[in-house]
Each structure stands twice: as structure tokens, then as C-alpha cells.
Amino acid sequence: MPTGDQPLNDQTLTDQEIAPVKSGSTLLIACGALAHEILALKKLNGWDHLALRCLPAKLHLFPEKITSEVARVVNEERENFNSIFVVYADCGTGGQLAAYCAEQGIEMVRGPHCYAFYEGVDAFAAHDDEITAFYLTDFLVRQFDAFVIKPMGLDRHPQLRDAYFGNYTKLVYQAQTDDPALTEKARACAERLGLAFERRLTGYGDLIRELSRA
Amino acid sequence: MADDEDIILSELSDDELVLQMQDDLYDGMKEEIEEAVEILLERGWAPYDILTKALVAGMTIVGHDFRDGILFVPEVLLAAGAMKGGMAILKPLLAETGAPRMGKMVIGTVKGDIHDIGKNLVGMMMEGAGFEIIDLGINNPVEDYLDALKREDADILGMSALLTTTMPYMKVVIDTMVQEGIRNDYIVLVGGAPLNEEFGKAIGADAYCRDAAVAVETAKELVARRHNQH
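Note that the protein sequences, when read in sequence, are chains A and B.
Numbered per full-length UniProt numbering, the first sequence spans residues 1 to 214.
Numbered per full-length UniProt numbering, the second sequence spans residues 1 to 230.
As C-alpha cells, then:
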């Protein structure tokens, strides 16, 4: 298993678990899609007490497995750290992850998913006119093929695009970093899905506040 | 499942053609399905038999393999597209030829939810099983469901949701039916990826259906039970 003290590329974060560097008193168990952002915030804020273990970002394609995978890692690591903080939101677990964390006395990120906490959970909830928006983050733009095109079979069957996206109207790119190349890639993703494009520079949003609790 | 050799559909016997249609459906070959449906009609097959013995039977295999993790959503969508092509030919003929009528279902995704792949599959398979489908589409508030149930004198309400944030709305609909004293006038079926049987029971639905095949079997069983009670 790769560890967090090695350079992490997006493909590794998508497919594999990342083991923690054995330092720090608090373990963050996080989605691989958040690894770059968590490490950036850790460095920026000097949060040396935090260690990071990531589950494969692809787990999001099977949200029913997230709670049991988090539980597995909690059981493996509990003895090694003073405390554990789960860097997942509900993420399609239907409250199961929150129930598990509450039962174990473990804190987790608030909100329904990363799109909400990047924009700010309250601000995101205030959009009641966005049910036809499809969201991407920096990570998802970079890994668009691995998370959207290939699992939906659009590489092999592009004619299925409207069956998946016919009811959507726009792609909202929530930019964590101001990167023109990534913005152009996000725009191309929108074009490929036949959707209007909107970019919102969210930065790290509520993730900063949430991690400061860890 | 199909091999690479060119198969002339019109040269196959009826039994071979039906099996070939099931293969073609599995492989999502819409044009071949349409051609085969026309061939069987020309050979004097009843539209209802073509629907059930070739299309529904083929789609049932697709459903089983999806359930068992052999096929995935893209393949199911292609198969559904092929079946839809065949059904478009058969549908106008079914009414004329006295195909059995199982009941009427109002179906739609709940308010706030635009994900209709599952709902569309259920609607298609229910139609294939002889149910009349009133498809309300996506993002339905409670009043749309209730108006349609009353207007259409329906037997079944089907609600679908993909998001954990939208699925609680199903309870709003059922609670409103209870308040209006009409809950027991209808069979309520719910489905969608994040749901489970426990959720279905908790919100007061008659059944949670994990896939389209289960929805069809459940609907048949509950409609038959209602008829026996009346």
C-alpha cells in the first residue's frame, strides 16, 4: 500500500488505499478525492498532529460500501492513534456513516457530500434551483474519465450520454484552486456531456473549518 | 453472446429466432430486434407472444445478470433501448389484439430528483408485463402524484429516488395519501439505489422493489391479492 509520505498521483488516489505516515496523534480517514486538499491544508496550517489514511476515491461508485470500509480502517488503526476523524460527508450512505461514527464516538465532516462542503454546506443548501446541475471538483475534473466516462460506458457507447445526462442542464465546476488549464478541462467535460458550463471558485470551503476540529 | 457470423434472421425457425432475439437483446442490438419482431408478426405471431416470449424473456435474463454483477448499467441501458425498439412496433398492436390488462400504474421520480434510469426500466418492464403506465417523468411534487392517481383511476403508485437527500420525500407523499384517506385505495411501490426494505416499511409503502423484475412480480402479486379481497 502506498503511504502518504510519497508523492500521490490521482490514479493512485482513485484506485488504491493510502497508508498513513506513522506520525501525528490524530488519524484522518479520508476519501482519496480529498487527499491533495487535506495535505495542502495540513501544510498551510502546520497541522502536524494530523496523519492521513485514504480509502480509494472509487469507493464513491459504491456508496453502500463506504461505511463498512471506514469501519474496517477504524478497527485497524484505533490502537495507533489518540483519536480518529472521518473526512467523508454522508456521501450517499443514507445516514449510515453518521450513525456508525456517532456509535463509535468519532467525529466526521458535516454535510451531504463534498460539493456541499466545498461551497459551504449552508450556501449549497440554499440552491433550491440546482437539481439539474452536475458538479465536479478539481479532483473529479482531473479524473473525469475514471469517474464518469468509463464507469458509465460512455467511452464504448457514447450514444448513452442522454440516457444519463438528458435531464441535467449544466455542469458546475467547483474550483478548489485557480488553475486555467483545469478550468479548460472542466469546460471540455461540460461540452462532452452536452451541458452548459459554470465555474465557481470555492477554495476549500468548509473543509478548513471541519479539519480544524480534528 | 452473439457470434461473429452473419445470421440471416428470416432464415431461422421460430424457436431459433426467439433465442436469437434474446441474444440480440442481451447485446443491445436494436435494429436486429426490430427486424425480428417484424418477421414474427409476418409469420402470424400474436404481438403479446412476441412481447412475452422474446422481449420480456430476454430482458429478464439481462435483469438477472445485472443483479448478479455480470452486466452493468451501460449494457442494461443498451438492452433496454433494443427492447424499446421492439415495443414501439408492438404497442399499437397489443391493444387491438386483446392482450391481457394487468392494471394501471402511475410512476415518477420524486420532487428534487431527476434520475430516471431506474424508473424508465421499471416502466418498460411493467408495460411488458401488461400494465398500463402513466409516466409522470421527473421531479414530482405530491400533488402531481395524487392528481394522476385520481384522474387515471390507477391501481399502483410507483415512486423512485436515487439520492439519499430526496428519498424521504416518498414519506411526504404517503403521509398525504393517509391524511386524505386514500392510502388504501392504491398499491404503493418504491425503489431506487439508496433504498432498502426497511426504508420501504418505515415510510408505509406496500413494498420496496430492488429492481425492475422484482417490481413486476410484486405488482402482479399485490394486484392479484387486491382482486381476491374485493
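C-beta atoms are modelled at their ideal positions from N, C-alpha and C, and glycine is treated no differently.
Owing to the predicted nature of the structure, the values given are computational and were not obtained by experimental measurement.
Cross-strand partners of residue i (DSSP beta bridge)
i: Gln-174/A; result: Thr-137/A, Arg-200/A
i: Asn-167/A; result: Asn-167/A is not bridged to any residue.
i: Lys-104/B; result: Glu-132/B
i: Leu-189/B; result: Gly-158/B, Ala-207/B
i: Ile-18/A; result: Cys-54/A
i: Thr-109/B; result: Ser-160/B
Simplified DSSP state of residue i, which is helix, strand or coil
i: Ser-13/B; result: coil
i: Cys-101/A; result: helix
i: Ile-8/B; result: coil
i: Met-159/B; result: strand
i: Asp-73/B; result: Correcting the residue identity first, residue 73/B is Val in this sequence and not Asp. Looking at Val-73/B - three-state DSSP - the assignment turns out to be helix.
i: Asn-140/B; result: strand
i: Thr-3/A; result: strand
i: Met-124/B; result: helix
i: Glu-184/A; result: helix
i: Met-108/A; result: strand
i: Arg-43/B; result: coil
i: His-127/A; result: coil
i: Leu-78/B; result: helix
i: Met-29/B; result: coil
i: Asn-9/A; result: coil
i: Leu-59/A; result: helix
i: Gln-20/B; result: helix
i: Asp-162/A; result: helix
i: Pro-92/B; result: helix
i: Ile-50/B; result: helix
i: Ile-114/B; result: coil
i: Gln-96/A; result: helix
i: Asp-145/A; result: helix
Endpoints, the beta strand (DSSP E) within which residue i is located
i: Arg-53/A; result: 50-55
i: Ser-83/A; result: 83-87
i: Leu-28/A; result: 26-31
C-alpha gap between residue i and residue j, whole angstroms
i: Thr-202/A; j: Leu-136/A; result: 12 Å
i: Ala-19/A; j: Leu-34/A; result: 14 Å
i: residue 231/B; j: Asp-27/B; result: This structure cannot speak to residue 231/B, because chain B is shown only from 1 to 230.
i: Val-172/A; j: Ala-133/A; result: 6 Å
i: Phe-126/A; j: Asn-140/B; result: Note that residue 126/A is Ala in the sequence shown here, rather than Phe. Rounded to whole angstroms, Ala-126/A to Asn-140/B spans 20 Å at the Cα level.
i: Arg-67/B; j: Leu-154/A; result: 21 Å
i: Ile-187/B; j: Arg-110/A; result: 37 Å
i: Asn-120/B; j: Thr-164/B; result: 19 Å
i: Asp-14/B; j: Met-59/B; result: 18 Å
i: Glu-198/A; j: Leu-8/A; result: 28 Å
i: Leu-25/B; j: Ala-79/B; result: 5 Å
i: Ala-30/A; j: Gly-94/A; result: 18 Å
i: Asp-122/A; j: Ala-129/B; result: 45 Å
i: Lys-30/B; j: Arg-213/A; result: 55 Å
i: Val-106/B; j: Ile-106/A; result: 43 Å
i: Glu-17/A; j: Thr-3/A; result: 9 Å
i: Arg-101/B; j: His-113/A; result: 44 Å
i: Arg-200/A; j: Ala-175/A; result: 6 Å
i: Asp-23/B; j: Ile-174/B; result: 41 Å
i: Ser-83/A; j: Asp-90/A; result: 20 Å
i: Asp-113/B; j: His-60/A; result: 19 Å
i: Phe-144/A; j: Cys-189/A; result: 8 Å
i: Leu-28/A; j: Glu-35/B; result: 58 Å
i: residue 236/A; j: Leu-195/B; result: Given a span of 1 to 214 for chain A in the structure shown, any question on residue 236/A remains unanswerable.
i: His-36/A; j: Val-73/B; result: 31 Å
i: Lys-91/B; j: Ile-134/B; result: 14 Å
i: Glu-11/B; j: Asp-49/B; result: 20 Å
i: Tyr-100/A; j: Val-87/A; result: 14 Å
i: Met-87/B; j: Ala-95/B; result: 12 Å
Residue j beta carbon less than 9 Å from that of residue i
i: Ala-212/B; j: Val-122/B; result: yes
i: Leu-55/A; j: Val-74/A; result: no
i: Leu-207/A; j: Trp-47/A; result: no
i: Lys-58/A; j: Gly-32/A; result: yes
i: Gly-118/B; j: Ala-57/B; result: no
i: Ala-161/B; j: Val-142/B; result: no
i: Ala-207/B; j: Thr-218/B; result: yes
i: Asp-116/B; j: Asn-167/A; result: yes
i: Gly-158/B; j: Met-125/B; result: no
i: Ile-89/B; j: Val-18/B; result: no
Residue range of the alpha helix (DSSP H) that includes residue i
i: Ile-174/B; result: 169-179
i: Ala-116/A; result: 114-119
i: Thr-60/B; result: 57-67
i: Ile-151/A; result: With the sequence shown as reference, residue 151/A is identified as Pro, and Ile is not the correct amino acid for it. Pro-151/A -> no alpha helix (DSSP H), and no H or E assigned at all.
i: residue 266/A; result: Since the first residue shown for chain A is 1 and the last is 214, residue 266/A is missing from the structure and cannot be characterised.
i: Glu-221/B; result: 212-229
i: Arg-72/A; result: 66-77
i: Leu-44/A; result: 35-45
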